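Asks: Dumping the structure here so I can ask a few things about it.
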Amino acid sequence: MGLFSRDTDSGGDSDDENSRSFFEERGFIASAIIIGAVLICLVVWFMARGTNSPAAAPSQSPSTPAPTGQPTAVEPTGAPATPINTPPPATQTAPPPPNSHTGGCHDKSPEQGIPRAAAPTAVTWQYEAQMLVPLQAANGPATTSPDGVRSCFSHSPTGAVLAAMVLLGQVQNSAVSVAALKDRVLPGPGKTLAMAAAEKEARTPPTDPGSVQFAGFKVLYYPQNATQAIVQIACDLNRKAYGAIQVTMQWYRSDWYAVLQDDGTFNGTVEPDILSSLDGYVRFSGSS
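Residue numbering for the sequence shown follows numbering that gives the first Met the number 0, starting at 0 and increasing by one per position.
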């Protein structure tokens, strides 16, 4: 049984139907452990589909805590936002080469400013299965392995954001998810569980992965000369709502790697936020 799944035989009311796991509806039971960040957003969207369901109401404040002593923005209250005013795709530039000796982790003095008001520029968005991920020559990824895993991000706040988004996109792509988890996640019990689930899903990939795209981000934690970064990633959930979840990245062996919880997810027991708007987030999306 995957995360957020429910016993569908225990009741036939509409609330139970609307709150069943999106993983179960889309054949994602095996992948629930892997994609605890972005695909959990799909769970929230599925639960929010029923307008009479309590899950449809937006959270009044973020459920995801920032590290101790770190400020976190309070999301405005109100009706769930329908992202009809999402900005157009980032300026499409020539995509960075698959492998480069400049930029990304090769840059020894990357810009250390935390992006709080404006999105990264000169970004190309490319599909990983159904999801658009950002690529930038300056901050990465600067390397793509023969099996398709993207790596080599700059040691900077922007590099950490791009690394998190690219990995989240790649773990949704069954063609590369196992390799991405193997190469881009720190060792630990969570990694072992995530890889086992990814291998199972790769044998029976879902036929309908749902609709989720990145919508924005904010950097929650990035001290000077950081070895750890915590970013909150916001997703557009089929243009019905926004969901956001926290991802921890660790600077390790000259690149950013994801830190998974012991249960194999990015967020553990912390549920994603349903946002009233993208206020407080840097809007960053490859979809119009």
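Built from N, CA and C at the ideal position, the CB exists for glycine as well.
Remember, it's a predicted structure, so these values are computed and weren't measured experimentally.
#1: Under a Cβ-count criterion, where at least 16 other Cβ atoms within 10 Å of its own Cβ denotes burial, should Thr247 be classed as buried or exposed?
#2: Could you name each continuous beta strand (DSSP E) segment of 3 residues or more that falls completely within the stretch 194-242, going from the start of the chain to the end?
#3: For Val132 and Asp272, I'd like the C-alpha separation in whole angstroms.
#4: Counting Cβ pairs, one atom from each stretch, are 3 or more of them under 8 angstroms apart for the stretch 97-114 and the stretch 135-153?
#5: Following the continuous beta strand (DSSP E) through Val288, name the residue where it begins and the one where it ends.
#6: Nearest-angstrom Cα distance between Pro119 and Arg202?
#7: To the nearest angstrom, how far is the alpha carbon of Pro109 from that of Ser275?
#8: Locate the alpha helix (DSSP H) running through Thr101, then write down its first and last residues.
#9: Helix, strand or coil: which one does DSSP assign to Asp272?
#10: In three-state terms, what does DSSP make of Thr143?
#11: Determine the DSSP secondary structure at Ser62, reduced to helix, strand or coil.
Replies: Here's the rundown:
#1: buried
#2: 211-220 and 227-236
#3: 21 angstroms
#4: yes
#5: What is shown of the chain runs 0 to 287, which leaves residue 288 out entirely.
#6: 36 angstroms
#7: 34 angstroms
#8: From DSSP, Thr101 is part of no alpha helix (DSSP H); its letter is neither H nor E.
#9: strand
#10: strand
#11: For Ser62, the pLDDT reaches just 43, beneath the cut-off of 50, and the residue's location in the model is therefore unreliable, although a value from the coordinates is still provided. Coil.
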